[in-house]
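Numbering (the working numbering), first residue to last: 1 to 360.
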């Protein structure tokens, strides 16, 4: 049955690693946790336990991971912020998978998210027929997390309206939810916390209030520091994602990954990697996550309509779709990059340059 599910939660996808860490546990385990903070760090950053290799889930500053884990040992909530594609949601999911064995208590923040989705709502048919009762109550993921002493996830919190965000203030401060309709109050069990994410590009959508920010410990996740780090992240995630999809294609070679990451970094930073030339930035973020998606799409093209190996044409098609988000501005920036940077890089880049030019 698992083979038919498009995307398994982290605790199922990496169940063997989690089980191995739990079985080998030697350190104190906080109340409500499945393993110790040290084991959570090993699960996130990678290592070896017994004969089991633990694959790294987050490639970056290990100290930031330690700060995030230490925050969740206390009664403080955790806020992960950074540019889009810096693995905020990925880290949030894996932290809850390792700590609780359940990463599915999640609220996706949007402009349509309501306060009821943070607290609770009602089955109105039962409410009308029987009046308020616990059976008629529809509990939110946060409510369930409070009852069970586990962690709830709040994705893209800055996309929610201010009044919805503020519903978290009393929950994070008092660690309880009042249900006046039933004349009851639910107190959080030990182990309860919230991990929220927000990206810095959306700061102006619904800026979080100072009161709410004070309820969180904030960890800023940076973009990959250098090209090699970004390539390692892309290689790892493409291999993991493609394993669960019927792409019928070979994994991209290192030179393909290098070219995609180089193009994205240069357009994102507004200059070439050797700092010798300025380039126009595009309207899109061109994050590491988008590079991963681009390569998976290129693999799908190669497997479905090619010989199973990513060609220059497959790569060019993916680049065109990823880079040109706003037709007028991005077309100009992309054309200038092709002519002023890619064209001058010699034979190694000439095939990709020609394939990209043909699509303009």
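Glycine residues also receive a C-beta, built at the ideal position from the N, C-alpha and C atoms. These figures come from a predicted structure and were not determined experimentally.
Residue closest to residue i, alpha-carbon to alpha-carbon, out of the options
| i | options | result |
| --- | --- | --- |
| residue 215 | 57, 170, 356 and 245 | 170 |
| residue 62 | 52, 38, 85 and 51 | 38 |
| residue 337 | 277, 312 and 322 | 277 |
| residue 35 | 101, 195 and 201 | 101 |
| residue 207 | 111, 349 and 346 | 111 |
| residue 30 | 168, 8, 253 and 98 | 98 |
| residue 289 | 273, 261 and 283 | 261 |
| residue 94 | 27, 15 and 48 | 15 |
| residue 193 | 134, 220, 154 and 340 | 154 |
| residue 211 | 242, 228 and 167 | 167 |
| residue 322 | 335, 188, 291 and 348 | 291 |
| residue 324 | 301, 294 and 311 | 294 |
| residue 28 | 310, 5, 209 and 73 | 73 |
| residue 264 | 307, 163, 284 and 353 | 284 |
| residue 6 | 311, 274, 246 and 270 | 246 |
| residue 351 | 328, 312 and 339 | 312 |
| residue 209 | 126, 163, 146 and 13 | 163 |
| residue 310 | 256, 349, 268 and 328 | 256 |
| residue 307 | 250, 223 and 172 | 250 |
| residue 159 | 183, 42, 150 and 108 | 108 |
| residue 226 | 217, 269 and 213 | 269 |
| residue 179 | 254, 124, 116 and 4 | 116 |
| residue 416 | 217, 254, 205 and 213 | Only positions 1 to 360 of the chain appear in the structure, and residue 416 is not among them; the question remains open. |
Span separating the alpha-carbon of residue i from that of residue j
| i | j | result |
| --- | --- | --- |
| residue 156 | residue 80 | 10 angstroms |
| residue 190 | residue 70 | 15 angstroms |
| residue 314 | residue 236 | 20 angstroms |
| residue 377 | residue 248 | In the structure as shown, the chain starts at 1 and stops at 360, and residue 377 therefore has no counterpart that could be examined. |
| residue 346 | residue 233 | 27 angstroms |
| residue 343 | residue 83 | 30 angstroms |
| residue 106 | residue 44 | 19 angstroms |
| residue 186 | residue 120 | 12 angstroms |
| residue 20 | residue 303 | 35 angstroms |
| residue 230 | residue 239 | 14 angstroms |
| residue 56 | residue 148 | 28 angstroms |
| residue 359 | residue 243 | 30 angstroms |
| residue 87 | residue 66 | 16 angstroms |
| residue 355 | residue 25 | 53 angstroms |
| residue 221 | residue 330 | 27 angstroms |
| residue 32 | residue 305 | 50 angstroms |
| residue 258 | residue 23 | 39 angstroms |
| residue 252 | residue 320 | 18 angstroms |
| residue 10 | residue 103 | 7 angstroms |
| residue 118 | residue 241 | 31 angstroms |
| residue 135 | residue 280 | 58 angstroms |
| residue 1 | residue 58 | Bear in mind that the predicted position of residue 1 carries a pLDDT of just 49, short of 50, making it too unreliable to give a figure here. |
| residue 113 | residue 51 | 45 angstroms |
| residue 128 | residue 165 | 29 angstroms |
| residue 137 | residue 301 | 47 angstroms |
| residue 326 | residue 332 | 10 angstroms |
| residue 274 | residue 353 | 19 angstroms |
| residue 438 | residue 92 | The requested residue 438 does not occur in the structure, where the chain is confined to residues 1 to 360. |
| residue 64 | residue 144 | 28 angstroms |
| residue 124 | residue 139 | 13 angstroms |
| residue 49 | residue 151 | 25 angstroms |
| residue 130 | residue 122 | 12 angstroms |
Bridge-paired residues (DSSP) for residue i
| i | result |
| --- | --- |
| residue 120 | 139 |
| residue 153 | 106 and 195 |
| residue 178 | 185 |
| residue 217 | 78 |
| residue 47 | 54 |
| residue 278 | 271 |
Rounded Cβ spacing between residue i and residue j (contact assumed at less than 8 angstroms)
| i | j | result |
| --- | --- | --- |
| residue 287 | residue 85 | 2 angstroms |
| residue 141 | residue 181 | That pair is no contact at about 20 angstroms. |
| residue 197 | residue 89 | 6 angstroms |
| residue 219 | residue 266 | Not really, about 28 angstroms apart at Cβ, beyond 8 angstroms. |
| residue 334 | residue 272 | Rounded, the Cβ-Cβ distance is 15 angstroms, inconsistent with contact. |
| residue 46 | residue 54 | 5 angstroms |
| residue 393 | residue 176 | Residue 393 is absent from the structure shown; the chain starts at 1 and stops at 360. |
| residue 96 | residue 18 | At roughly 12 angstroms, the Cβ-Cβ gap does not stay under 8 angstroms, so residue 96 and residue 18 are not in contact. |
| residue 172 | residue 77 | 5 angstroms |
Contact with chain B by residue i, beta-carbon distance below 8 angstroms
| i | result |
| --- | --- |
| residue 95 | The structure shown has no chain B; it contains just one protein chain. |
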